[in-house]
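Notes follow once the structure below has been shown.
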């Protein structure tokens with residue numbers, strides 16, 4: 001008898017609940033499912049955003065790289081990533097640029113800072129900044145021979161000769 005009671009209750013619920021009058025939901029209660037925060041490697045977006053300000057530059061690089069992996073859902077990290085463009089460590093700056101590019105068009109507010117980085121003397125910084133700008137504009141850079149990405153002054157050192 002005990003096993004039949006839950007089954008009978010389930011059947012009665014399925015039969016009568018669809019006909020129950022609608023219950024008004026108070027205006028402060030949402031019927032929407034709770035938002036799921038984007039995450040990477042089991043850690044939420046907020047963790048990675050906070051890690052951008054860690055004292056250890058390795059953690060800041062890891063944070064920017066994680067935000068790049070999250071991509072467009074990390075659009076709320078654009079502000080902290082823009083601040084990371086001014087980091088003292090070059091690898092943190094370039095990782096932040098790459099993350100902004102991976103976030104894409106939602107990172108449009110980073111464009112002035114990235115345009116400013118195009119004036120840097122370091123060709124790698126300029127290259128990553130231009131790739132990020134192109135991605136934010138939805139115009140990825142065309143694939144080219146890696147040799148074209150090397151400064152002309154370094155190209156003679158790339159020549160390989162057969163013996």
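Residue numbers (our numbering): 1 to 163.
Glycine included, each C-beta is placed from N, C-alpha and C at the ideal position.
Alpha-carbon to alpha-carbon, residue j and residue i
i	j	result
residue 68	residue 43	14 Å
residue 95	residue 65	6 Å
residue 55	residue 138	34 Å
residue 127	residue 118	8 Å
residue 136	residue 80	16 Å
residue 53	residue 125	21 Å
residue 110	residue 74	14 Å
residue 164	residue 36	Absent from the model: residue 164. The displayed extent of the chain is 1 to 163, so no value can be given.
residue 60	residue 116	22 Å
residue 134	residue 105	10 Å
residue 45	residue 99	13 Å
residue 57	residue 63	10 Å
Neighbour-count burial assignment, residue i, 16 or more Cβ in a 10 Å radius
i	result
residue 92	buried
residue 83	exposed
residue 103	buried
residue 87	buried
residue 163	Interpretation of residue 163 is limited by its pLDDT of 40, a score under 50 that renders its predicted location unreliable; no figure is taken from the coordinates.
residue 48	buried
residue 72	exposed
Sheet register partners of residue i (DSSP bridge)
i	result
residue 39	44
Close Cβ partners of residue i (< 6 Å) along its chain, the five nearest in sequence each way excluded
i	result
residue 40	66, 69 and 70
residue 85	93, 96 and 113
residue 50	none
residue 130	none
residue 107	78, 100 and 136
Cβ-based neighbour list, residue i, same chain, cut-off 7 Å, excluding 5 preceding and 5 following
i	result
residue 101	131, 132, 135 and 136
residue 120	126
residue 38	45, 70, 73 and 74
Same chain, Cβ closer than 8 Å to residue i, five either side skipped, listed in chain order
i	result
residue 76	45 and 49
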